[in-house]
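J.:
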Amino acid sequence: MGLFDFLKGKSSEEKKAEKFNKIRLLSIIQEKRSIMQEMILNSEHDDSLLDENPNGIGLFGLIKTNPIPINGIDNIPAYIDKLRYEYTSVSGSGTKTYNPVTFQRTIDSDETLIGSSKPLNEPIAASTSAPNIKGHIDVYNLYSFGGNKLAKIYINCYSLKTSNKVPNGFVHRDSTPAIQDGKVLMEFVKNR
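Numbered according to the numbering used here, the sequence shown terminates at residue 194, and the numbering increases by one at each position without gaps.
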């Protein structure tokens, strides 16, 4: 950077990137102190403060023996807000975006296929457990914008920390350019 580069001003691309980053910061669902905090502390819980339970076995978040640590059920939306799936435009342009997911609670025995449609009614939902994990494990299906099932994930809300790690097949919101973040793009269009 030269001595007088600050006099040039910002390019339109730099201004656009700044605007999209600002929109992202304003649209992030923030984690909060869980209303379950006392209950978590007074019951069996994961107190490792790690992004992955050290007792976890298998694929992170995708099987019940290695659920995603989350600090209370009230922080599930903050965690899910971190998840993006890669979408490449079918219009022929090849434009790539990283879209947010929607979620719906389900049961461990839910065997609906990846790509199947999101049910119109709330399905039966129940917690499960695993011998290597302290506390109940909740089960959720993740869906695309179009309502197609992307994955079934497992969450342990009896943790002192909400993970910042994402399961295989997903991308962390913060590792995508804001200009390619589907949630940010929707906010931009909505506020024009």
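Every residue gets a Cβ at the ideal spot worked out from N, C-alpha and C, and that includes glycine.
Rounded to a whole number of angstroms, what is the C-alpha to C-alpha distance between I151 and F105?
T.: Note that residue 151 is Lys in the sequence shown, not Ile. Going by the C-alpha atoms only, they are around 9 Å apart.
J.: Rounded to whole angstroms, how far is the Cβ of A128 from the Cβ of I109, which I believe are closer than 8 Å?
T.: With a Cβ gap of about 5 Å, A128 and I109 count as contacting.
J.: For P79, collect the residues of the same chain with a Cβ closer than 6 Å to its Cβ; drop the 5 residues on either side in sequence, then sort them by chain order.
T.: Cβ neighbours of P79 beyond the five flanking positions: I31.
J.: State the start and end residues of the unbroken alpha helix (DSSP H) segment that holds E1.
T.: Missing from the structure shown is residue 1; the chain here goes from 3 to 194 and no further.
J.: For V168, count neighbouring C-beta atoms within 10 Å of its own C-beta (all shown protein chains included) and say buried if the count is 16 or more, exposed if not.
T.: By the 10 Å Cβ count, V168 comes out buried.
J.: Looking only at DSSP bridge pairs, what is A128 linked to?
T.: DSSP, once it has assigned bridges, lists no residue as partnering A128.
J.: Run through DSSP, which three-state label would I70 get?
T.: Strand.
J.: Taking Cβ positions, are Y81 and I75 nearer each other than 8 Å?
T.: Taking 8 Å as the Cβ cut-off, Y81 and I75 do not qualify as a contacting pair.
J.: For I59 and N68, what's the separation of their Cα atoms in angstroms?
T.: The straight-line gap from Cα to Cα measures roughly 5 Å.
J.: Straight-line CA distance for T178 to Y100?
T.: If I take the Cα positions, the gap works out to 7 Å.
J.: Whole angstroms is fine: what's the gap from E113's alpha carbon to P125's?
T.: Going by the C-alpha atoms only, they are around 12 Å apart.
J.: My guess is that H138 and Y160 are in contact by the Cβ rule of under 8 Å, so how many angstroms apart are they, rounded?
T.: About 7 Å separates the two Cβ atoms, so the contact holds.
J.: Cβ of N55 within 8 Å of Cβ of N158?
T.: It is a contact, given that the beta carbons lie within the stated cut-off.
J.: So what's P102 in DSSP terms, helix, strand or just coil?
T.: Here P102 sits in strand by DSSP.
J.: Return the CA-CA distance between K163 and K120, expressed in angstroms with no decimal places.
T.: Distance between the alpha carbons of K163 and K120 is about 29 Å.
J.: Using the beta-carbon count (16 or more within 10 Å), is E40 buried or exposed?
T.: Exposed is the call here.
J.: Quick one: is the Cβ of R175 within less than 7 Å of any heavy atom of the ligand FMN?
T.: The ligand FMN is not among the ligands present in this structure, which contains no ligands whatsoever.
J.: What separation, rounded to the nearest whole angstrom, lies between the Cα atoms of N23 and K84?
T.: Approximately 15 Å between the Cα atoms of the pair.
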